[in-house]
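Participant:
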Amino acid sequence: MAVTQGRAALLIEPGKPVVVEDIEVDAPGAEEVLVRIVASGVCHTDLTIKNQNGAGMKFPIVLGHEGAGFVEQVGESVTHLKIGDPVVIAYRAPCEKCPACRRGDPRHCYAALRPGLRIKRKSTGEVCSQVLRCGTFSTHTVVHSKAAIKMPAEMPLDKACLIACGVITGVGATMNTVKVFPGASVAVVGCGGVGLSVIQGAKLAHAKRIIAVDVNPTKLQWAKDYGATHTVNALDGDPVKAVRDLVTDDWPGYEGGVDFAFEATGLMRCIEQCVRMVNYNGTAVNIGFPGSEDTVTLNIGNIDTGVYWNKVNLSVCHAGDTLPATDFPLMAQYYLNGELKLDEMISRVIGLDDVEAAFHEMETGNVIRSVIRFD
Ligand SMILES: NC(=O)c1ccc[n+]([C@@H]2O[C@H](COP(=O)([O-])OP(=O)(O)OC[C@H]3O[C@@H](n4cnc5c(N)ncnc54)[C@H](O)[C@@H]3O)[C@@H](O)[C@H]2O)c1
Ligand SMILES: [Zn+2]
Ligand SMILES: [Zn+2]
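Note that the sequence shown ends on residue 380 in my numbering; no numbers are left out.
#1: Assuming ALA39 and GLU71 are in contact, meaning their beta carbons sit under 8 Å apart, how far apart are those beta carbons, in whole angstroms?
#2: Pull every residue with its beta-carbon under 5 Å away from any heavy atom of ligand 2, and keep them in chain order.
#3: Rounded to whole angstroms, what is the Cα-Cα separation between ILE204 and GLY325?
#4: Nearest-angstrom Cα distance between ALA247 and ARG281?
#5: Nearer than 6 Å: is that true of the beta carbon of PRO3 relative to any heavy atom of ligand 3?
#6: With a 10 Å radius around its C-beta and 16 neighbouring C-beta atoms as the bar for buried, classify GLN338 as buried or exposed.
#7: Would you mind reading off the limits of the alpha helix (DSSP H) that contains ASN371?
#8: Looking only at its chain, what residues have a beta carbon closer than 6 Å to the beta carbon of ALA210, apart from the 5 residues adjacent to it on each side?
#9: Excluding the 5 residues flanking ARG378 on each side, which residues of the same chain have their C-beta closer than 8 Å to its C-beta?
#10: What is the residue span of the beta strand (DSSP E) that PRO91 lies within?
#11: Rounding to the nearest angstrom, what Cα-Cα distance links TYR231 and ASN284 in this structure?
#12: ALA239 and VAL218 - do their beta-carbons sit closer together than 7 Å?
#13: Am I right that SER320 and ASP264 are in contact with their C-beta atoms under 8 Å? What's the rounded C-beta distance?
#14: Roughly how far, in whole angstroms, is the beta-carbon of GLY171 from the beta-carbon of ARG12, given that I think they are within contact range, below 8 Å?
#15: From which residue to which residue does the beta strand (DSSP E) around THR288 run?
#16: Among LEU201, ASP31, GLU26, which residue has its Cα nearest to the Cα of MET350?
#17: I need the straight-line Cα distance from VAL132 to ARG123, nearest angstrom please.
#18: Between VAL23, VAL47, GLU260, ARG41, which lies nearest to PHE64 when the distance is taken from Cα to Cα?
#19: By the three-class DSSP mapping on this structure, what secondary structure does ASP163 have?
#20: Heavy atom of ligand 1 less than 6 Å from the Cβ of GLY69, yes or no?
#21: Confirm the yes/no value for this check: CB of PHE75, any heavy atom of ligand 1, distance under 6 Å.
#22: What does ALA14 pair with, by DSSP beta-bridge criteria?
#23: Which word fits GLY175, buried or exposed, when buried means at least 16 other C-beta atoms lie within 10 angstroms of its C-beta?
#24: Which value, in whole angstroms, describes the spacing of the CA atoms of THR300 and HIS145?
#25: Measuring alpha carbon to alpha carbon, tell me which residue in SER297, LEU345, ASN342 is nearest ASN58.
#26: Helix, strand or coil, according to DSSP, for GLN205 in the structure here?
#27: Is the closest heavy atom of ligand 1 to the C-beta of HIS323 under 6 Å?
#28: Check each candidate in LEU335, ALA212, ILE168, GLU26 and name the one with the smallest Cα separation from VAL199.
#29: What residue from ASN221, PHE333, GLU260, LEU303 has the CA that sits closest to MET367's CA?
#30: Closest to VAL147 by C-alpha separation, out of ILE28, GLU277, ASN307, GLY46, would be which residue?
#31: Report buried or exposed for ALA158, applying the criterion of at least 16 other Cβ atoms within 10 angstroms of its Cβ.
#32: If you compare alpha carbons, which of CYS106, TYR115, ALA152 is closest to VAL83?
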């Protein structure tokens with residue numbers, strides 16, 4: 006199979022803006038597929054990886070990990086996909102070999118399947134890393150075939166791409182990382198693409214109260230459209246008190262607090278707030294992507310909100326603890342049934358040259374997702 010010519014948005018060196026360059030993509034190796042990308046969402050993690058100077062990845066780096074497209078080439082020994090299949094790319098497809106996979110718990114796989122390094126800068130021949138083993142800000146990428154999850158034919162790929170990260174992370178946090186039960190009370194701190202997906206998951210799980218917390222009034226308005234029953238602007242005072250006050254019960258000993266508090270900001274103080282928002286035996290879930298020096302301080306001994314007396318659980322969500330082969334088609338089905346909003350999450354349709362502008366929009370304001378279209 007010949008080398009494929011393409012274009013990609015790359016980080017070339019630390020501290021420099023994203024550049025769009027010609028690339029050459031080698032044919033897929035055994036168990037790999039080459040995907041022609043149709044659309045890719047811009048997730049905050051791409052920006053964080055830029056801001057964290059690659060977050061440990063080797064430069065140059067092809068950005069993007071929320072992509073969907075069509076299989077264009079199939080490597081040796083791939084039997085479950087064929088050329089032309091529509092797929093969403095998963096960054097946490099289980100490895101089938103680690104201790105978790107071996108004991109039948111692939112949602113908690115220690116690793117993830119990765120492809121060989123097949124993308125090169127055309128100008129220099131340098132081999133590129135692919136963010137989270139994906140690299141979807143690119144006309145073409147090569148991924149492990151089990152990380153390419155087939156979509157139903159009727160699923161539009163420019164919407165399906167959102168499933169790959171923001172949607173599966175948020176919805177999966179409520180279904181897999183923890184199990185939000187019918188009637189539960191839930192707080193969601195941070196209502197971007199991930200937080201709004203947590204809200205959608207909590208609604209699908211029939212939570213009774215869904216309290217959205219953000220600092221942006223527009224995001225809070227949107228949160229209501231996605232299923233929030235209450236909103237709290239964290240700039241109006243202590244969000245912990247506001248959330249606790251919103252949850253009441255006829256039982257006289259009740260101190261307020263939610264069963265589940267999801268942090269979807271990447272801010273340490275929001276993790277601390279989530280820990281103090283939950284009721285007895287409640288669970289705070291850290292979703293935001295931290296920096297290597299980020300640290301939280303947890304009070305253990307406060308009689309009302311301390312981790313010991315309130316018996317607080319702290320859980321971490323990685324990509325919604327997803328099993329992509331089953332969860333991605335399920336998300337598509339929810340969308341096709343009208344139970345999951347995806348169209349509304351796309352605030353901007355952009356081109357590959359607009360990644361820096363999309364990062365800026367994300368930092369300043371009123372977008373849920375910018376989606377890069379390649380067709
Ligand atoms: N764990 C995972 O698997 C995973 C997957 C995807 C994204 N992430 C991370 O999740 C986080 C959210 O991602 P996103 O794409 O939704 O980002 P986003 O930028 O779209 O949304 C972040 C939201 O947080 C709000 N916010 C900022 N400061 C706040 C505060 N003090 N209190 C409450 N809200 C505040 C912003 O207004 C915004 O609405 C990022 O850190 C991202 O890297 C993690
Ligand atoms: Zn992401
Ligand atoms: Zn594994």
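Yeah, the Cβ is synthetic: ideal placement off N, Cα and C, and Gly gets one too.
Facilitator: Let me spell this out:
#1: A small correction: the amino acid at residue 39 is Leu; Ala does not occupy that position in the sequence shown. The Cβ separation is near 18 Å, so there is no contact.
#2: By the rule of a C-beta closer than 5 Å to any heavy atom of ligand 2, the residues picked out are CYS48, THR50, CYS170.
#3: One C-alpha to the other measures close to 13 Å.
#4: About 12 Å.
#5: Because the chain in this structure spans residues 6 to 380, residue 3 falls outside the shown range and cannot be described.
#6: Exposed: under 16 other Cβ atoms inside 10 Å.
#7: Premise fails: ASN371 is in no alpha helix (DSSP H) and is neither H nor E.
#8: Result list for ALA210: THR179, VAL185, in chain order.
#9: Excluding residues within five positions, the ones whose Cβ falls inside 8 Å are VAL43, ALA44, ASP163, VAL354, ILE355, GLY356.
#10: Counting along the chain, PRO91 sits inside the beta strand (DSSP E) bounded by residues 91-94.
#11: Whole-angstrom Cα-Cα distance: 24 Å.
#12: Yes, Cβ-Cβ distance for VAL218 and ALA239 is below 7 Å.
#13: Not really, about 12 Å apart at Cβ, beyond 8 Å.
#14: Contact doesn't hold; Cβ gap of about 24 Å is too wide.
#15: Counting along the chain, the beta strand (DSSP E) containing THR288 begins and ends at 283-291.
#16: In this structure, LEU201 is the residue among LEU201, ASP31, GLU26 with its C-alpha nearest to the C-alpha of MET350.
#17: Rounded to whole angstroms, VAL132 and ARG123 show a C-alpha spacing of 7 Å.
#18: VAL23 is the residue among VAL23, VAL47, GLU260, ARG41 whose C-alpha sits nearest the C-alpha of PHE64.
#19: Helix.
#20: No heavy atom of ligand 1 is found nearer than 6 Å to the CB of GLY69.
#21: With a cutoff of 6 Å, PHE75 does not count as near ligand 1, since its C-beta is closer than that to no heavy atom of the ligand.
#22: Beta-bridge analysis with DSSP links ALA14 to VAL25.
#23: It is buried - the Cβ of GLY175 has at least 16 other Cβ atoms within 10 Å.
#24: If you draw a straight line from the Cα of THR300 to the Cα of HIS145, it comes to about 38 Å.
#25: Of the listed residues, the one whose Cα sits closest to ASN58 is SER297.
#26: Looking at GLN205 - three-state DSSP - the assignment turns out to be helix.
#27: Under cutoff, so the answer is yes.
#28: Closest in C-alpha terms to VAL199, from the list LEU335, ALA212, ILE168, GLU26, comes ILE168.
#29: Selected option, being the one with the closest Cα: ASN221.
#30: With distances taken between Cα atoms, VAL147 lies closest to ILE28.
#31: Flag for ALA158 reads exposed.
#32: Looking at the Cα atoms, ALA152 is the closest of the given residues.
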